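Undergrad: Numbering (numbering that gives the first Met the number 0), first residue to last: 0 to 512.
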Amino acid sequence: MLTKICSIANIGLETIPVIVEVDVAQSGFPGFTIVGLASKAVEEAKERVKTAIINSGLEFPSKKITVNLAPADLPKDGAAYDLPIAVGVLIAGGQITASPAVNLKRTFFYGELSLDGTLRPTRGILLLALHAQKKRNTTIIVPMPSANEATNVSGIKILPVKTLTRLIRHITAGQFIIPLKRPKAKKVTEKIIIEFDLNEIAGQELAKRALTITAAGGHNLLMWGPPGTGKTMLARALPGILPPLTDREALEVTRVYSVAGLVSPGEAVIQKRPFRAPHHGVSAAGLIGGGSNPLPGEVSLAHLGVLFLDEMPEFQRSVLESLRQPMEDGTIEIVRAKGHVRYPASFTLIAAVNPCPCGYYGHPKRECKCSERQIAKYHHRISGPIIDRIDLSVSVAAVETEKLSLTRQNEINRLSSKEAKELVVKARQIQTKRFAQSAIYTNSQMRNRDVKRFASLTSDAENLLKIAADRFDLSARSYFRLIKVARTIADLETEEKILPRHMAEALQYKQNT
C-alpha cells in the first residue's frame, strides 16, 4: 500500500514542499529503505521510527518498506522527517486508518521522534508555518515544545503534539487535538538585563556620544585605545540603549534563529535584539555560516542587532575579510557544491582595537615595548576595505584618576542608558516613518539613491562636505557613509535637514579611522 504525507525541506531560509511517499509491499524480503538524497541524519530515522512505533504499543510492519522523499534531486537533512515517515509507515502498513475528518493532503507533518515516541524540539517550525500560510485551510502538526514558534503566523491551524500515541488517536479515533490559539496582539515590553549602564562608565563622553549615534542609526563603530579604558564596557552597554524590535524585525530575527535551532522550547518570538560576541579564534565558517547543510553564522545571528569583535586585530585576516560582503550588502551567500543559500546579515559592527600589540603605544604614563615594525604589522591586520566600511571611529583614552573618584553629584549628571535610549528611540521612530514604504529600517542601510532622496543637506553643509572630501581624499563609499552618519545626528536633534554642525561632527568621527 502506498501513502503520501506532506512535509517540507528548509534550504537556508527558503522552504520547499516535500512529499514523503511510503510504500509497504506485500511481497519481497523485509527491509527499510529511504531514498531521495537523504543525509546521514535522515537515514538514521529508520532506527528512531522503528523503535518509537514499537515503544508506542504498535507493531512495526515486518515487510519491505520503501520511503521516497520527493523531489528526489533535493538534498534532505535533519531529523524533522521522523514524524511524517512514522505516520506514513503506520498508514501504509495498515496499522491505522486516517479519519475522513483528517485531510492528509492539506496537513504538514514535521518533527523529530525520541525512542519512546515523544516528540523533541525541532528547528525550522516558523519557516514551516510561513510556508503553510501561503495555502488555504492548512494544518501543521508539530512537536509541542516548538509549536509556539508557529503562533507568529496567522491563517493556519497549529496542532501541538506531545507523543506519537496522542497523534494516532487524533488521526484515527476522532480524539482531536485542540489547535493552538494565536495570542492576541499586545504590546510586548522588552525586559533587558543591562550589563553596564552608561553612567557607570567614568569619562569617555565622546565614546558615549558615538555609541548613541551608533544605536540610533545602526552605524559601524571602531573604538581604539589602551587596555582597561572601558572599550568592552562601552560595547556591552550598547544593548541597554538599543530600541526594542518592531514586529516585522522580530519576525525576521526569529526566522534566522528558528532555522538555526536556537529558539528556546516554548518561546514564540525573539524579543531582544541580538548581541553576538564571538571569540577571536572563530573560523570563517563560524562567523559567516557554513557546513554541508549551511547554517547561519555569527553575522546572521547578529541580524538587526550587534556583532562585537573585541581585540579585532587578533582575528585571522581571512576571517575579517569575509565580513566585506555582509557589511556592504546586509546579506551573506554561502556557496557549496550542492547549491547555495542566502541569509540576512544586516548587523551593527562594534570593534575594539588596541593601538599596538602590547596596548600602550602613545600612553601618557606607560611605556610601549613594541617596535615600529610590530606596530605597523599589527595595524595592517585590518585591511583598508574593512576600515572604509566603518562609519565612526573614536579614541578611548586612559581615564584620569580625578574622574574615577567623582562625587555623587557628578555621577548623577552623567548620561544614563535610560536617557540615551530615549534619544535613540525618538531617532528610530523618525527613520521608521521615513522608510515606511521601503525594506530598510535605519539610516545605515540606505543605498546611494536613498541618500540622495532622504538626506537633504543645506548649502553650507554641502560645501563643508565637498571641502572635506577633497582635503581628505574620501572614497565614494566614505562620502556616502559620512552623509548617513550626519543624517542620524540630525535625527537625534529632530532636524529635517542636515546642518553644518551635523556634518562637522560626522566628519570628526570619520577622521579617526
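Heads up, the beta-carbon is just placed ideally off N, CA and C, and yes, glycines get one too.
Because the structure is a prediction, the values reported are computed rather than measured.
1. Extract the residue ranges of the alpha helix (DSSP H) inside the stretch 137-188, only unbroken runs of 4 or more that lie entirely within it.
2. Alpha carbon to alpha carbon, how far is E461 from N442? Give it in angstroms, no decimals.
3. Are S392 and Y256 close, meaning C-beta to C-beta below 8 Å?
4. I'd like to know if the stretch 231-244 and the stretch 204-216 are in contact, where contact means that at least 3 CB-CB pairs between them fall below 8 Å.
5. Could you tell me the alpha carbon to alpha carbon distance between A419 and P312, rounded to whole angstroms?
6. Assuming H302 contacts F274 under a Cβ cut-off of 8 Å, what Cβ separation, rounded to an integer in Å, is found between them?
7. Is it right to say A344 is buried, meaning 16 or more other beta carbons lie within 10 angstroms of its own, or is it exposed?
8. The alpha helix (DSSP H) spanning R254 covers which residue range?
9. Measuring CB atoms only, is the stretch 328-339 touching the stretch 375-388, in the sense that at least three cross pairs come out at less than 8 Å?
10. Between L118 and T162, how many whole angstroms is the CB-CB distance? I'm expecting something under 8 Å.
11. Just checking my contact of G35 with N67 at CB under 8 Å: how many whole Å lie between their CB atoms?
12. Report the option in P178, D328 and C5 whose CA atom is closest to the CA atom of P70.
13. Going by the DSSP bridge assignment, what does M222 pair with across the sheet?
14. Check for me: the beta strand (DSSP E) holding F307 runs from which residue to which?
15. Rounded to whole angstroms, what is the Cα-Cα separation between I269 and A149?
16. Do A475 and L506 have their beta-carbon atoms positioned less than 8 Å apart in this structure?
17. On a Cα-Cα basis, can you pick out the residue from V340, V258, R380 and Q444 that is closest to H279?
18. Measuring straight from C-alpha to C-alpha, what distance separates P243 and E371?
19. Do G110 and V86 count as a contact pair if the criterion is CB distance below 8 Å?
20. Report the rounded CA-to-CA distance for K3 versus A276, giving the unit in angstroms.
21. Judging by CA-CA distance, which residue of T50, G227, F175 and G27 is the nearest neighbour of P99?
22. Alpha carbons only, please: which of T228, K180, V252 and A172 is nearest the one belonging to L12?
23. So A259 and P295 are in contact, right, with Cβ under 8 Å, and what is the actual spacing, rounded?
24. Can you confirm whether F195, when its beta carbon is compared against all beta carbons of chain B, has any partner nearer than 8 Å?
25. Please state whether DSSP places Y360 in a helix, a strand or coil.
26. Does the distance from the C-beta atom of L197 to that of S415 stay below 8 Å?
27. On the three-state DSSP scale, how would you describe A419?
28. Could you work out which residue in T65, I349 and G56 is closest to K45 when comparing CA atoms only?
29. Quick one, which of G56, K425, Y359 and F434 has its alpha-carbon nearest A397's?
30. Tell me which same chain residues have a C-beta within less than 7 Å of the C-beta of V340, skipping the five on either side of it?
31. Measure from the alpha carbon of E204 to the alpha carbon of each residue in Q428, M222, Y440 and T245, then state which is nearest.
TA: Reading from the atomic positions:
1. Taking only runs of at least 4 residues, the alpha helix (DSSP H) segments lying wholly in the stretch 137-188 are 163-171.
2. 18 Å
3. no
4. yes
5. Between the C-alpha atoms of A419 and P312 there is a straight-line separation of about 30 Å.
6. So it is not a contact: roughly 12 Å between Cβ atoms.
7. So A344 counts as buried.
8. From DSSP, the alpha helix (DSSP H) with R254 extends over D246 to V258.
9. no
10. 7 Å
11. 5 Å
12. When P178, D328 and C5 are compared, the shortest CA-CA separation from P70 is found for C5.
13. Partner(s): A351 and V393.
14. V305 to L308
15. 13 Å
16. Taking 8 Å as the cut-off, the beta carbon of L506 is found no closer than this to the beta carbon of A475.
17. Each of V340, V258, R380 and Q444 was checked against the Cα of H279, and the nearest Cα belongs to R380.
18. One C-alpha to the other measures close to 45 Å.
19. no
20. Between the alpha carbons of K3 and A276 lies a gap of roughly 45 Å.
21. Between P99 and the set T50, G227, F175 and G27, the nearest pair of CA atoms involves F175.
22. V252
23. 5 Å
24. Structure shown: chain B not included; a single protein chain is present.
25. coil
26. yes
27. helix
28. T65
29. Y359
30. Around V340: I10, G11, P293 and I333.
31. M222
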